[in-house]
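In the working numbering, the protein residues as written are 314 to 480.
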Ligand SMILES: [Zn+2]
């Protein structure tokens, strides 16, 4: 009974906003692709508020030699100073690592839309347990781009997560 209710609620809530999720995830994906073309990790993120793009960013670990510059962190840095984040949605092509999940909780970001969690499980359940509305798209393009990168550059990927598939 509970399961049915959850399923119906998710369905009715999810369906009308799926096109919006897809279009913003495409912007995050374009950021991931840009990073890939620069020789970096193909992980992109965008911050949205009231249907408007606030900022976009991508992983810059290789480009800047900056271990903290994950896609989500770069996006949040580009968004600059803000007094509140509760009405914002962060889109990220890959499930957030613990550092980025921490930033999401620290800033009180209300919703996170995750492109995929197949190549890296990240912290979807943890964020949900802390009250963040997490939408998992399992987007085929995000899965293919990240999966291809991990196969091509296993050492770079291992460095980005410090050899920890589950932080
Ligand atoms: Zn991260």
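Each residue gets a CB set at the ideal place from its N, CA and C atoms; glycine is no exception.
Everything numeric in this text was worked out from a predicted model, so none of it was measured.
Compute the Euclidean distance between the alpha carbons of residue 415 and residue 353, then round it to the nearest angstrom. Numbered from 1 along the chain shown, position 102 holds the residue referred to as residue 415. Numbered from 1 along the chain shown, position 40 holds the residue referred to as residue 353. Per the coordinates, the alpha-carbon of residue 415 lies some 23 Å from the alpha-carbon of residue 353.
Quick one, are the C-beta atoms of residue 370 and residue 407 less than 8 Å apart? As a working note, residue 370 is residue 57 in the chain shown. As a working note, residue 407 is residue 94 in the chain shown. For residue 370 and residue 407, no; Cβs fall outside 8 Å.
Please report the distance separating the alpha-carbon of residue 382 from that of residue 402. Residue numbering aside, residue 382 sits at position 69 when the chain shown is read from its first letter. Residue numbering aside, residue 402 sits at position 89 when the chain shown is read from its first letter. Whole-angstrom Cα-Cα distance: 19 Å.
Tell me which residue opens and which closes the alpha helix (DSSP H) that residue 361 is part of. Within the chain shown, residue 361 is the residue found at index 48, counting from 1. That residue, residue 361, is in no alpha helix (DSSP H); its beta strand (DSSP E) goes 357-362.
Start-to-end residues for the beta strand (DSSP E) that takes in residue 366: To locate residue 366, count along the chain shown from 1; it is residue 53. Taken as a continuous stretch (DSSP letters only), the beta strand (DSSP E) holding residue 366 covers 365-371.
Got a sec: does ligand 1 put a non-hydrogen atom nearer than 7 Å to the Cβ of residue 409? For the purposes of this step, residue 409 is taken as the residue at position 96 of the chain shown. Yes, since a heavy atom of ligand 1 falls inside the 7 Å radius drawn around the Cβ of residue 409.
The beta strand (DSSP E) with residue 446 in it runs from where to where? Locating residue 446 in the chain shown gives position 133, counting from the first residue. Going by DSSP, residue 446 is part of the beta strand (DSSP E) stretching over 446-449.
I'd like the span of the beta strand (DSSP E) that includes residue 403, first residue to last. The count along the chain shown starts at 1 and reaches residue 403 at position 90. Per DSSP, residue 403 belongs to the beta strand (DSSP E) from 401-405.
First and last residue of the beta strand (DSSP E) that includes residue 424? As a working mapping, residue 424 is identified with position 111 in the chain shown. Secondary structure note for residue 424: its beta strand (DSSP E) is the uninterrupted segment 424-427.
Nearest to residue 419 by CA position, among 430, 397, 426 and 404, is which residue? As a working mapping, residue 419 is identified with position 106 in the chain shown. Of the candidates 430, 397, 426 and 404, the one whose C-alpha sits nearest the C-alpha of residue 419 is 397.
With burial defined as no fewer than 16 other Cβ atoms inside 10 Å of the residue's Cβ, what is the status of residue 373: buried or exposed? To locate residue 373, count along the chain shown from 1; it is residue 60. Its Cβ being crowded by 16 or more others within 10 Å, residue 373 is buried.
If you draw a straight line from the C-alpha of residue 474 to the C-alpha of residue 463, how long is it? As a working mapping, residue 474 is identified with position 161 in the chain shown. As a working mapping, residue 463 is identified with position 150 in the chain shown. Going by the C-alpha atoms only, they are around 12 Å apart.
The alpha helix (DSSP H) that contains residue 381, what's its start and end? If you number the chain shown from 1, residue 381 lands on position 68. In the DSSP assignment, residue 381 falls outside any alpha helix (DSSP H) and carries neither an H nor an E.
Tell me which residue opens and which closes the alpha helix (DSSP H) that residue 455 is part of. In the chain shown, the residue the question calls residue 455 occupies position 142. That run of the alpha helix (DSSP H) goes 453-465.
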